[in-house]
Amino acid sequence: MFTPAYPPRVPSRRLAALALCALFAVAGCTAFGRAVKEGDQFTTEHKWAEAEAAYLRALAADPDASEVTVKLRSVRKEWSKETYDQAQSVHATGDLPGAQKLLLRALELDGENEPARTLLTQTLDARVAAGQAALKEERLQDARAEFDAVLAVSPDHVAARKGVDAVQVAWARRWFKTAQQLEESGKLGNALLAYLRADQERVGATAARERAEAVRQKLRDEVAYLVVATPVEDKAQAPDVAQRLAAGRLASMLPKEVPIRVVTEAPESKVGVKLDLTLERVLPLKAVEPFQKTQRYLAGNRSVPNPKRRQFEDRLLNAERTLEEVERKQAVALRDYLRRQAELNTVRQTAERCRERERKTCLEIIQRCGEAVREVEQAGQVPEECNPTACATRQCGQEEALLAQNAAVVLQLEKQLDASLEQNEQQRREVQRGRDTMFREPITVEEPMYSDFVYDVELHRLTVKATVTSVLRELMSAQAPPAPVTQDYEVKHEDSSNKGYDRYGVLADPVQLRNELELRVEVGDTAMADLAHRVMERFDAYRQKRVEDARRGMVRPGAEDVVETSVRVLLLTADKPPSDILLPVTQARGLQRPESLFNK
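Put into structure tokens, the structure is as follows:
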């Protein structure tokens, strides 16, 4: 008999998955084919950008499609040729920047486009020639723009590099000439910035650095704050100390970055102070002060109770007391457990007697039911004596509940009793360990015994005091001179000495005091350092006023008058130049390194 072969049944979920995969495959092929078709259509219409985008979409769908890669390369070659033709037209009109941009695009599309490469070389040479022509006509910005554009494409272009060097030299000479004119007109601040800008444009092209140093020195001399230090009047007849108060020592202690000049004669119309010094006295003092020191030494050993054993004994005593408490709690738990266990036995017996009565009652009911059934005359009739609810009635429910409650309490007490027994055992082990540790530790130990040895010491002190009277008055002030200030300066050195006691470990210490001449020199330097600090306070007050005047002109930092004021203020504050003045002024003149203003 022939049986038709039916195809095997495929589950519905598998069919859905296959259909979904087929749908994705068709969709992918459709996207690829549509992109290729659009690319071919745009290529026919010479829409190169759209064709390139379409072929790139096709390659994104199928990166291994070599025919699409060939088409994309062909499109870019044709696009490069068309761009080259446009560049030729633009080059013919003389628009060299536009032609350069198009030629770079043509070479980006097709690196093998030799005509475009040749024309690009010609365009770059033409731009170099245009830059050289602008350089001859002193159009330096236009020349630099042409050379930079060429170097952006060809960094190794020799003529363009030479052109950039020539432009830098021309800028340096222009700034140098401007600086000379400003210097001749007396605008030294503007001239200094112009010289610095010339040196920045091209180092060594002009003598800008040397002239900047000369102008800087003129400005420093112009804004210098003078300190007229008259010769010291030596009333103490101490030339070694008076020499430390001379003008040269004051100049060495003042900062070199700021224009402070220490001179001995007062010129006219100069800002500064006059310092008059008088050395009143120089008094050396020597003193010896006896006192005592103590030296601890080892006198022997002695037996003392072992502190560790005392600690172990205390720890053992605490452990034994804890054990007593644990045993007491254990006894309480055991009594509670035994009492509740006896109550549980009583309740269990009561419940068993109640169950026995229920069983007997149920048997009697079953017996009466059997007798009643035998007396029934009709079949299928159930007598009232056979009612099942008669045996189902529970009469011992209260006894059963009380039994369960007592059983739960006994179980809980049993757990507590087990925990107490475990804790008792652990505490006994802890007590035994404490006993073992205590008996292993000795009762007494040896400790060193120290004593103090008192010995005599002499403190030798050498002190040099110098009394100096100073008068600081402003040079251009018409007021009466201020009152003299007399101040004492003191320098001292101390050292102690004692004998040697080898038995107690005290080493001999001889006196090693510094020389009196050294202290006299030091006290003179101390006085001069204080005077230099007072002079700097006057100088700081003077230049702070100048700084405030310069800050008011920062709304127009490029103006010549503002630059003149600001440069002088910056030279006065060379140690800490204010950035709100330094940066705006230097940026207005195009300086890349503001610190070059101070020759740093």
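Taken in order, the sequence shown gives residues -27 to -1, 1 to 573; the numbers are from mature numbering (1 follows the signal peptide of the UniProt record, and there is no 0). We put the beta carbon where it would ideally sit given N, CA and C, even for glycine.
The alpha-carbon separation between Arg254 and Val235 amounts to approximately 25 Å. For the set Arg112, Lys438 and Asp498, the Cα lying nearest the Cα of Leu223 is the one of Asp498. DSSP places Asn360 outside any beta strand (DSSP E), giving it a letter other than H or E. Judged by beta-carbon spacing, Ser424 lies within the 9 Å limit of Ala272, meaning their Cβ atoms are closer than that value. In summary, Gln565 is exposed, with fewer than 16 beta-carbon neighbours lying within 10 Å of its beta-carbon over all protein chains present. Listed in chain order, the non-local C-beta contacts of Asp482 below 6 Å within the same chain comprise Ser470 and Asn471, local neighbours out to five positions each way being set aside.
In the DSSP assignment, Glu431 falls within the unbroken beta strand (DSSP E) covering Thr417 to Glu447.
Here Val196 is actually not in contact with Ala239; their C-beta atoms are around 17 Å apart, not less than 8 Å.
Non-local C-beta neighbours of Ala167 in its own chain, meaning closer than 8 Å and more than five positions away in sequence, comprise Trp148, Phe149, Thr151, Ala152, Leu155 and Arg562, ordered along the chain. The segment 274 to 282 and the segment 380 to 392 do not touch, with fewer than 3 CB-CB distances between them shorter than 8 Å. In this structure, Leu124 sits away from Ala116, with a CB-CB distance that is not shorter than 9 Å. Apart from the 5 residues on each side of it in sequence, Glu174 sits with its Cβ closer than 7 Å to the Cβ of Gln141, Trp144, Ala145 and Trp148 in its chain, given in chain order.
Leaving aside the five residues that flank Ala181 on each side, the residues in its chain whose CB is nearer than 6 Å to its CB run, in chain order, Phe149, Tyr168, Ala171 and Asp172.
Arg301 counts as exposed, since fewer than 16 other C-beta atoms from the protein chains shown sit within 10 angstroms of its C-beta. Under the three-state reduction of DSSP, Lys74 is assigned to helix.
Beta-bridge analysis with DSSP links Arg234 to Leu199. With a 10 Å radius around the Cβ and a threshold of 16 neighbouring Cβ atoms, Phe264 comes out exposed.
Closest by C-alpha distance to Ala374, out of Ala532, Arg321 and Arg269, is Arg321. Check the Cα spacing between Glu537 and each of Lys549, Thr559 and Ala79: the tightest is with Thr559. Taking all protein chains shown into account, Thr66 has fewer than 16 neighbouring C-beta atoms within 10 Å of its C-beta and is therefore exposed. With contacts defined as CB atoms closer than 9 Å, Val542 and Arg511 fail to qualify as a contacting pair. Ala377 and Arg312 have their alpha carbons spaced roughly 16 Å apart.
Each residue's CA atom was taken as its position, placing Phe15 and Asp98 some 37 Å apart.
With a contact defined as Cβ atoms closer than 8 Å, Val441 and Gln460 qualify at about 6 Å. Spanning the alpha carbons of Asp194 and Val458 requires a straight line of approximately 30 Å.
According to DSSP, residue pairing for Leu252 in a beta bridge involves Asp207 and Val441. Sorting Leu199, Gly245 and Gln368 by C-alpha distance to the C-alpha of Cys327 places Gln368 at the top. By the neighbour-count criterion, in which a residue is buried when 16 or more other Cβ atoms sit within 10 angstroms of its Cβ, Asn360 is exposed.
In this structure, the beta-carbon distance from Val299 to Gln405 does not fall below 9 Å. The continuous stretches of alpha helix (DSSP H) do not include Glu568, and DSSP gives it neither H nor E. Each of Val464, His506, Gly473 and Asp475 was checked against the Cα of Glu489, and the nearest Cα belongs to Val464.
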